[in-house]
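Numbering (the numbering used here), first residue to last: 232 to 798.
Just so it is clear, CB atoms sit at the ideal spot from N, CA and C, and this is done for glycine as well.
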């Protein structure tokens, strides 16, 4: 993403809007898109992607902000559609990268974001501007109307953006739920009116385009929970995403109705219940909430626990319960665990192991594959078609999905009446030019992303990942030799220490033979000193010979770190 891609304003057609996806087009997560007109940029969402490389120390992935950093003086605002991590999670890193601009957020999203920013000590300096869903506001050349949509988190919005080239709609994440448990029904008339006025471009959520039946209403969950709560003969644990305050509200309301108490287990659940109460979404929660420490004061079948860990996350509440290591919660026969969340691709093995452990502890485990205890927050194919029919865009770009989802959604747009030439599949790094009579890819930047470890966002390079993979697969060997700094002769060693190389018996033999090999290298080195021949590179020679030795004997080349210490 070099400076050669900076807009040449003198050459840029005045009537052209640039759309630059930095994430979310080609994967589910890391949603981030810049809209650029002249010298003004607004950024829609700024999210992260949870990594499948957690075993290599990579916690998550964020967009490469180079394109924005090179234009940071033009950024007028971030506009956030809702509070999920894949839409707000990268904002602390954007701010640390110097991308300071007002951040427009809805009510509950503002609470989530301020909490997140406080963890990075950024909450006191950030310019958060709260909007009411349904309101409109002006940011430079962009007039933005926020529209109520249904999703798996409260206060979610779509954006109808009036730009100098025409009306652009960004749906954010959405579904069409005609009977939501919390909040208002999606504002379909607002989309229809925009369609009547004329929509130049629709950017629409593609996550669930492969599902051909209408998504279930969130209200279905209430009925299912009530059934299982009534049937419970022991402890009930409900695990869900910590951001799903609406679903937490159903659990709390049902507990009050059925004379049960609710305890919270997990930092994310505890934090978001508090924020949900602060936002007014969990009214009456105080009357049913109890401390975990007070569970034993109630009959076992009278207690419901809201728990984090639905994805089998390391050391999460539910995984510690499953492993019998929680400390305050122990399972018994007759207990039930309701896993009210989707199994995110890549987490299936970890979740499967956790479910097996829960069963072994005597609990009954219920999950989406066998019971309707989770509903998706994303529109399925019939709902996506409905959106297309309401909006009737001139141009269409699918967003928020893996590449196959973008293809399927593009095909649906053509089937729904968008001319084939007006449907564009863009991917991260594309620079799309939009005008009243054209929508095309102008340039493509090499897509890069930043792998993050730790809260402060240490950048993990490809070389670091390669080393970590090799450490995990092949092990490591340290070789220590001490020599006289004046005579250059060996005075101690060699010593070999290994980790992850082979079984104990084989490893002992390998290290003994390895020491003999290093002694021979040392003898050759000292003979060279005696003869006056040019000295060999002792460290590099030890490294090469040991790797060759291990490869010949056990078929793998560990990382070898030879240390030659001069005293």
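With contacts defined by Cβ atoms closer than 9 Å, residue 560 and residue 523 form a contacting pair.
Listed in chain order, the non-local C-beta contacts of residue 503 below 8 Å within the same chain comprise 343, 473, 474, 476, 479, local neighbours out to five positions each way being set aside. For residue 385, the closest of 506, 436, 457 by C-alpha to C-alpha distance is 506.
With respect to the C-alpha of residue 572, the residue from 680, 543, 526 having the closest C-alpha is 543.
Where residue 457 is concerned, the enclosing alpha helix (DSSP H) starts and stops at 450-462. Per the DSSP secondary-structure output, residue 393 pairs in a beta bridge with 374, 398.
Within the same chain, Cβ atoms closer than 6 Å to the Cβ of residue 731 are found at 706, the five residues on either side in sequence being excluded. CA-to-CA, the gap between residue 743 and residue 756 works out to about 20 Å. In the DSSP assignment, the residues bridged to residue 369 are 374. A Cβ-Cβ separation of about 5 Å places residue 307 in contact with residue 271 under the 8 Å criterion. When the alpha-carbon of residue 656 is set against those of 709, 632, 734, the nearest one is in 632. Per DSSP, residue 650 lies in no alpha helix (DSSP H) and is assigned neither H nor E. According to the DSSP secondary-structure assignment, residue 435 is paired through a beta bridge with 629. By the 16-neighbour rule on beta-carbons within 10 angstroms, residue 729 is buried.
With a cutoff of 9 Å on beta-carbon distance, residue 295 and residue 330 are scored as not near each other. When beta bridges are read from the DSSP output, residue 797 appears opposite 714. Non-local C-beta neighbours of residue 637 in its own chain, meaning closer than 6 Å and more than five positions away in sequence, comprise 437, 629, 656, ordered along the chain. Assigned with DSSP and collapsed to three states, residue 351 falls in coil, not helix or strand. The Cβ-Cβ distance between residue 337 and residue 374 does not fall below 9 Å. By the beta-carbon neighbour count (other beta carbons within 10 angstroms, threshold 16), residue 768 is exposed. Straight-line spacing of the CA atoms in residue 650 and residue 449 works out to 35 Å. Sequence-distant partners of residue 339 (beyond 5 residues in either direction) whose C-beta falls short of 8 Å from its own C-beta, in its chain, are 314, 384, 385, 386, 476, 506, 507, 510, 512.
By the Cβ test, the stretch 652-668 is not in contact with the stretch 457-468, since fewer than three Cβ pairs between them sit closer than 8 Å.
According to the DSSP assignment, residue 567 belongs to the beta strand (DSSP E) that extends over 567-570. Taking 4 residues as the minimum length, the alpha helix (DSSP H) runs contained wholly in the stretch 722-791 are 735-762, 769-785, in order along the chain. The C-alpha of residue 563 lies about 6 Å from the C-alpha of residue 593. Looking from the CA of residue 414, the closest CA among 446, 367, 363 belongs to 363.
Our two residues, residue 256 and residue 264, have alpha carbons roughly 9 Å apart in a direct line.
Contact between the stretch 398-413 and the stretch 617-625 is established, with three or more Cβ pairs separated by less than 8 Å. For residue 274, same chain residues with a beta-carbon under 6 Å away, outside a window of 5 residues either side, are 265, 309 in chain order.
The beta-bridge partner set that DSSP reports for residue 409 is empty. Put simply, of 605, 604, 643 the residue whose alpha carbon is nearest the alpha carbon of residue 614 is 643. Judged by their CB atoms, residue 710 and residue 794 are nearer to each other than the 9 Å cut-off. The three-state secondary structure of residue 338, taken from DSSP, is helix. Here the alpha carbons of residue 611 and residue 679 stand approximately 30 Å from one another. Contact check for residue 683 and residue 777: beta-carbon distance about 34 Å, past the 8 Å limit, so the pair fails to qualify.
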